[in-house]
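Visitor: I'd like to ask you about the structure that follows.
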Amino acid sequence: MIPTLWKRTAALACTALLACSTLTAYDDCTPCISSGDSCCYGGWDIGIDFIFWKPCIDNLEYAAVYEVDDSGDFDVNNLTYRNVCQKWEPGFRINLLKHGFICDWDLTGSFTYFRVHDKDSVSAPADGAPNLASPLLHAALAGDGLFRYIQGEYSAMMYRWDILFAYNLHCSNPCLELTPFLGMAGLTLNQSLESRIANDQAVTVQVESAFTDFVNRLFALGIKFGTEVNFTVTKGFNLFARGAGEILTGKQFNSKTLFTVEEANLDPESYQFNETQCSLIIPGYHIQVGLDLVSSLCGPEMGIRLGYEFFRYLNIPTARRFMGDQLGTQAAFHIAKPDDLRSSRHLRGCGAKLLT
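Going by my numbering, the sequence shown opens with residue 18, and the numbers climb by one from there.
Now the structure itself:
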């Protein structure tokens with residue numbers, strides 16, 4: 018008797034659980050009321066993303082270290098390049114959304130700010146000959162091209178913005194939203210790659226120290242397009258994925274390379290190489306995935322967005338590499354990859370973000 022009663026109770030509990038689950042799912046997905054229905058902020062949604070980026074930038078080699086054997090001879094086929102590696106850096110993004118800007122079309126806008134500043138250095142052995150070469154120093158200014166100390170320093174400041182029109186496609190599944198978008202995007206990138214080169218003793222041509230600085234200002238405009246997918250798991254809990262592509266046309270301003278060389282018993286001499294202001298085609302893409310936790314308090318919706326994102330730009334201007342037939346300047350030849358010759362670099366970032 019007891020086992021039979023237990024089975025009936027268990028069956029009834031399972032039925033009630035299934036019924037509650039069905040009702041909950043229906044109640045969660047049917048309304049899916051947008052925050053644009055609220056009168057707060059004049060129908061605008063406002064969000065701030067706090068982002069921690071890990072930039073991964075190519076072509077930041079600032080020094081080449083030649084292997085030296087016990088007899089002091091250099092092995093030109095055995096060298097190690099030193100790069101300025103980036104750390105995790107904070108940034109932010111401001112998002113705006115206006116529901117029903119034109120009929121069923123929404124208007125969105127965003128502004129992203131990010132800054133990076135990192136440096137690295139390398140020294141020759143204290144009891145050995147100079148074995149460091151700089152691919153950033155012009156061959157005519159490098160003497161025999163070998164130094165005892167080189168420091169590389171990279172800094173960049175990036176601004177990204179977009180203005181997009183989005184259209185919400187209502188799927189047969191009330192929990193699923195598909196939102197394609199199209200509009201305008203812009204990019205401003207200010208970057209600098211410096212190197213400080215020194216000898217603590219005179220070398221063949223008496224070059225004691227040198228300084229190089231590549232400065233570049235880039236501004237680009239173009240189109241942006243993509244799609245965002247939102248899936249409501251339950252009330253207040255959504256999953257999202259967003260993919261976007263960009264085709265920008267830009268021009269570099271105030272792009273130049275500065276050199277300062279100091280020789281023994283002579284005043285420092287400065288040189289400046291200017292770049293032409295040519296137009297560039299800069300394609301890129303941006304991928305975002307994550308989850309939304311939304312709560313409605315007294316009308317307006319407030320939420321937290323956690324996720325991962327990745328973006329990449331191609332054909333970003335990079336510092337010139339100088340080549341020659343001397344031992345030190347051969348280091349520049351080894352790293353002149355095809356991508357570098359097309360003056361391209363990949364700039365991309367990834368990290369977690371928080372939307373409040």
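Here a beta-carbon is modelled for each residue, glycine too, at the ideal position from N, C-alpha and C.
Quick one: grab the DSSP three-state call for L77.
Guide: The residue you call residue 77 lines up with position 60 of the sequence shown. Correct three-state label for L77: coil.
Visitor: Count the other C-beta atoms from every protein chain shown that fall within 10 angstroms of the C-beta of H303, then say buried if there are 16 or more, exposed otherwise.
Guide: Your numbering for residue 303 matches position 286 in the sequence shown. Its Cβ being crowded by 16 or more others within 10 Å, H303 is buried.
Visitor: Spatial neighbours of E84 within its chain, please: CB distance less than 7 Å, with the 5 preceding and 5 following residues excluded, ordered by chain position.
Guide: In the sequence shown, counting from the first residue as 1, residue 84 sits at position 67. D92, N95 and L96, listed in sequence order.
Visitor: Under 8 Å by Cβ, that's how I've got R213 and F231 pegged, so tell me the actual separation to the nearest angstrom.
Guide: Taking the first residue of the sequence shown as position 1, residue 213 is located at position 196. Taking the first residue of the sequence shown as position 1, residue 231 is located at position 214. Incorrect: roughly 13 Å between the Cβ atoms, too far for contact.
Visitor: What beta strand (DSSP E) runs, 3 residues minimum, are completely inside the region 111-177?
Guide: Listed in chain order, the complete beta strand (DSSP E) runs (minimum 3 residues) inside the region 111-177 are 122-140.
Visitor: Could you please give the first and the last residue of the uninterrupted beta strand (DSSP E) stretch that includes G64?
Guide: Stepping through the sequence shown from its first residue, residue 64 is reached at position 47. W61 to W70 is the span of the beta strand (DSSP E), which, as asked, contains G64.
Visitor: Report yes or no: do three or more beta-carbon pairs, one from the region 111-122 and one from the region 57-72, lie closer than 8 Å?
Guide: Touching, yes, given that three or more Cβ pairs across the two stretches are closer than 8 Å.
Visitor: For the pair the region 238-257 and the region 194-204, tell me if three or more CB-CB distances fall below 8 Å.
Guide: Output reads yes: the region 194-204 touches the region 238-257.
Visitor: Taking Cβ positions, are L181 and T125 nearer each other than 7 Å?
Guide: Within the sequence shown, the letter at position 164 stands for residue 181. Within the sequence shown, the letter at position 108 stands for residue 125. In contact: L181 and T125 (Cβ atoms closer than 7 Å).
Visitor: Please confirm if the region 318-329 is in contact with the region 288-295, defined as three or more CB-CB distances below 8 Å between the two stretches.
Guide: In short, these stretches do not touch, since the Cβ pair count stays below three.
Visitor: From the DSSP output, in three-state form, read off V278 for me.
Guide: To locate residue 278, count along the sequence shown from 1; it is residue 261. Three-state DSSP puts V278 in a strand.
Visitor: On the DSSP letters alone, give me the boundaries of the beta strand (DSSP E) that T196 sits inside.
Guide: Here residue 196 refers to the residue found at position 179 when the sequence shown is read from its first residue. L193 to A215 is the span of the beta strand (DSSP E), which, as asked, contains T196.
Visitor: Might you give, ordered along the chain, the residues of its own chain that have their beta carbon closer than 8 Å to the beta carbon of N291, omitting 5 neighbours on each side?
Guide: The residue labelled residue 291 in the question sits at position 274 within the sequence shown. Here the set comprises S272 and K273.
Visitor: Can you say whether N190 is buried or exposed, counting buried as having 16 or more other CB atoms within 10 angstroms of its CB?
Guide: Position 173 of the sequence shown, counting from 1, holds the residue named residue 190. That one is exposed.
Visitor: With DSSP run on the structure shown, which of helix, strand or coil describes Q269?
Guide: The residue given as residue 269 occupies position 252 in the sequence shown. Strand, per DSSP.
Visitor: For A183, I'd like the list of residues in its chain whose CB is within less than 6 Å of its CB, leaving aside the five on either flank, ordered along the chain.
Guide: For the purposes of this step, residue 183 is taken as residue 166 along the sequence shown, with counting starting at 1. D123, T125, T196 and F198.
Visitor: Just to confirm, is the Cβ distance from T129 to R99 under 7 Å?
Guide: Counting from one through the sequence shown, the residue named residue 129 turns up at place 112. Counting from one through the sequence shown, the residue named residue 99 turns up at place 82. Not in contact: T129 and R99 (Cβ atoms no closer than 7 Å).
Visitor: Based on DSSP bridge pairs, tell me the residues matched to P107.
Guide: Within the sequence shown, the letter at position 90 stands for residue 107. Paired residues: F69.
Visitor: Between which two residues does the beta strand (DSSP E) holding E292 run?
Guide: Indexing the sequence shown from 1 puts residue 292 at position 275. That residue, E292, is in no beta strand (DSSP E); it is neither H nor E in DSSP.
Visitor: Buried or exposed: where does P451 fall if 16 or more other Cβ atoms within 10 Å of its Cβ makes it buried?
Guide: Not covered by the structure: residue 451. The range shown for the chain is 18 to 373.
Visitor: Any idea if A202 is buried or exposed, counting beta-carbon neighbours within 10 angstroms, 16 or more meaning buried?
Guide: The residue labelled residue 202 in the question sits at position 185 within the sequence shown. It counts as buried.
Visitor: For D86, count neighbouring C-beta atoms within 10 Å of its own C-beta (all shown protein chains included) and say buried if the count is 16 or more, exposed if not.
Guide: Here residue 86 corresponds to residue number 69 of the sequence shown, with the count starting at 1. Result: exposed.
Visitor: Opposite T244 in the DSSP bridges: which residues?
Guide: What you label residue 244 is simply residue 227 of the sequence shown in a count that begins at 1. Its beta-bridge partners are P197 and G260.
Visitor: Considering only residues of the same chain and omitting the five flanking positions on each side of V82, which have a CB-CB separation below 7 Å?
Guide: Position 65 of the sequence shown, counting from 1, holds the residue named residue 82. For V82, where only same-chain residues beyond five positions count, the Cβ hits under 7 Å are L96, T97, R99, V139, N148 and L149.
Visitor: Determine which residues share a DSSP beta bridge with L331 and list them.
Guide: As a working mapping, residue 331 is identified with position 314 in the sequence shown. Looking at the DSSP assignment, L331 forms no beta bridge with any residue, so it has no partner.
Visitor: What does the alpha-carbon distance come out to for the pair F270 and M174?
Guide: For the purposes of this step, residue 270 is identified with residue 253 of the sequence shown, where counting begins at 1. For the purposes of this step, residue 174 is identified with residue 157 of the sequence shown, where counting begins at 1. Taking the straight line joining both Cα atoms gives about 15 Å.
Visitor: Provide the residue(s) that pair with D86 in DSSP beta bridges, ordered along the chain.
Guide: Taking the first residue of the sequence shown as position 1, residue 86 is located at position 69. DSSP output for D86 lists no bridge partner at all.
Visitor: Taking the C-alpha atoms as reference points, what is the distance between D144 and E78?
Guide: Against the sequence shown, residue 144 aligns to sequence position 127. Against the sequence shown, residue 78 aligns to sequence position 61. If you take the alpha carbons of D144 and E78, they lie about 25 Å apart.
Visitor: Out of curiosity, what's the CA-to-CA distance linking A261 and I240?
Guide: Here residue 261 corresponds to residue number 244 of the sequence shown, with the count starting at 1. Here residue 240 corresponds to residue number 223 of the sequence shown, with the count starting at 1. Distance between the alpha carbons of A261 and I240 is about 10 Å.
Visitor: For N255, does the three-state DSSP call read helix, strand or coil?
Guide: Along the sequence shown, read from residue 1 onward, the residue named residue 255 stands at position 238. Residue state, collapsed to three classes: strand.
Visitor: Which one of G267, V101, A80 and F109 has the shortest CA to CA distance from W70?
Guide: Here residue 70 is taken as the residue at index 53 of the sequence shown, counted from 1. The candidate whose alpha carbon is nearest that of W70 is F109.
Visitor: Three-state secondary structure (DSSP) at S189?
Guide: For the purposes of this step, residue 189 is identified with residue 172 of the sequence shown, where counting begins at 1. Three-state result, S189: coil.
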